[in-house]
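Chemist: In the UniProt record's numbering, the protein residues as written are 1 to 164.
1) Classify residue 65 as buried or exposed, calling it buried when 16 or more other Cβ atoms lie within 10 Å of its own Cβ.
2) According to the Cβ coordinates, are residue 59 and residue 70 closer than 8 Å?
3) Looking only at its own chain, which residues have a Cβ that is under 6 Å from the Cβ of residue 162, when we skip the five neighbours before and after it?
4) Alpha carbon to alpha carbon, how far is residue 110 from residue 121? Give it in angstroms, no decimals.
5) Reducing DSSP to helix, strand and coil, say where residue 30 ends up.
6) Only counting the same chain, and skipping five residues up and downstream in sequence, which positions put a Cβ closer than 6 Å to that of residue 18?
7) Run through DSSP, which three-state label would residue 162 get?
8) Please specify which runs of the beta strand (DSSP E), each continuous and at least 3 residues long, are wholly inside the UniProt domain "Retropepsin-like aspartic endopeptidase" (10-144), giving them in chain order.
9) Reducing DSSP to helix, strand and coil, say where residue 8 ends up.
10) Cα separation between residue 9 and residue 51?
11) For residue 53, count neighbouring Cβ atoms within 10 angstroms of its own Cβ and tell me buried if that reaches 16, exposed if not.
12) Could you tell me whether the Cβ atoms of residue 40 and residue 47 are closer together than 8 Å?
13) Expressed to the nearest angstrom, what Euclidean distance is found between the alpha-carbon atoms of residue 28 and residue 125?
14) Give me the Cα-Cα distance between residue 73 and residue 99, rounded to the nearest whole angstrom.
15) For residue 119 and residue 5, what's the separation of their Cα atoms in angstroms?
16) Counting C-beta neighbours from all protein chains within 10 Å, is the total for residue 150 16 or more, i.e. buried, or is it exposed?
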């Protein structure tokens with residue numbers, strides 16, 4: 001019996017995404033099919049050794065200039081340190097964490113490199129690892145995920161016996 005391929009959803013070149021585990025919602029992300037790993041803007045990144053010897057990565061997401069900044073510090077025990085090539089061709093060592101992202105109605109567990117993106121327009125970059133086998137990118141569109149989310153929200157708030 002032939003295995004059916006999952007249906008890929010269409011997203012635009014920019015999308016509004018949610019990070020439920022990180023309590024960040026409607027964060028603007030740039031879709032970049034040239035990037036391998038996704039990336040998220042953060043600051044105050046520190047590797048700390050706990051009294052029991054376990055190492056943790058400690059950081060704050062976004063920064064005070066971003067409207068979604070929530071002043072919360074995060075700590076991950078499950079992280080990696082990898083060499084990542086930036087869009088400028090420079091190789092940098094970056095911490096990588098795994099977390100859930102909600103995009104176009106799909107919740108996906110994926111990896112994000114922690115990076116200072118303060119000089120860049122978008123705090124989140126979505127790379128091929130996340131996109132592969134899940135999404136088709138229509139570069140002529142943007143914010144399809146937010147539009148679908150608002151449409152669903154509107155439908156659920158409409159009383160059953162009222163006209164649309």
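All residues carry an ideal CB built from backbone N, CA and C; glycine is no exception.
Modeler: The short version:
1) Numbered from its first residue, the chain shown carries residue 65 at position 65. Answer is exposed; the Cβ neighbour count stays below 16.
2) Translated into the one-based positions of the chain shown, residue 59 becomes position 59. Translated into the one-based positions of the chain shown, residue 70 becomes position 70. 8 Å or more divides the Cβ of residue 59 from the Cβ of residue 70.
3) On the chain shown, residue 162 is found 162 positions in, with the first residue counted as 1. Because residue 162 sits at a pLDDT of 49, beneath the cut-off of 50, its placement in the model cannot be relied upon, and the following sentence gives the value as read from the coordinates. Result list for residue 162: empty, nothing under 6 Å.
4) Looking up residue 121 in the chain shown gives position 121. Looking up residue 110 in the chain shown gives position 110. Within the model, the alpha-carbon separation for residue 121 versus residue 110 is close to 22 Å.
5) Here the question's residue 30 lines up with position 30 in the chain shown. Residue state, collapsed to three classes: strand.
6) Within the chain shown, the letter at position 18 stands for residue 18. Once the five neighbours on either side are set aside, the close Cβ partners of residue 18 are 25, 102.
7) Position 162 of the chain shown, counting from 1, holds the residue named residue 162. Any reading at residue 162 needs caution, since the residue's pLDDT is 49, under 50, leaving its predicted position unreliable; the model's value is listed next. Per DSSP, reduced to three states, the secondary structure at residue 162 is coil, with no helix or strand assignment.
8) The beta strand (DSSP E) runs of length 3 or more contained entirely in the UniProt domain "Retropepsin-like aspartic endopeptidase" (10-144) are, from start to end of the chain, 14-19, 24-31, 38-49, 55-61, 73-76, 79-85, 91-103, 106-115, 124-126, 135-138.
9) Along the chain shown, read from residue 1 onward, the residue named residue 8 stands at position 8. Here residue 8 sits in coil by DSSP.
10) The residue labelled residue 9 in the question sits at position 9 within the chain shown. The residue labelled residue 51 in the question sits at position 51 within the chain shown. Those two C-alpha atoms are separated by around 46 Å.
11) The sequence position of residue 53 within the chain shown is 53, counting from 1. When all chains shown are included, residue 53 counts as exposed.
12) Here the question's residue 40 lines up with position 40 in the chain shown. Here the question's residue 47 lines up with position 47 in the chain shown. Result no, Cβ atoms of residue 40 and residue 47 do not sit closer than 8 Å.
13) Against the chain shown, residue 28 aligns to sequence position 28. Against the chain shown, residue 125 aligns to sequence position 125. Taking the straight line from one Cα to the other gives about 9 Å.
14) Along the chain shown, read from residue 1 onward, the residue named residue 73 stands at position 73. Along the chain shown, read from residue 1 onward, the residue named residue 99 stands at position 99. Going by the C-alpha atoms only, they are around 15 Å apart.
15) Walking along the chain shown from the start, residue 119 turns up at place 119. Walking along the chain shown from the start, residue 5 turns up at place 5. Roughly 39 Å between the two C-alpha positions.
16) Walking along the chain shown from the start, residue 150 turns up at place 150. By the Cβ neighbour-count rule, residue 150 is exposed, with fewer than 16 other Cβ atoms within 10 Å of its own.
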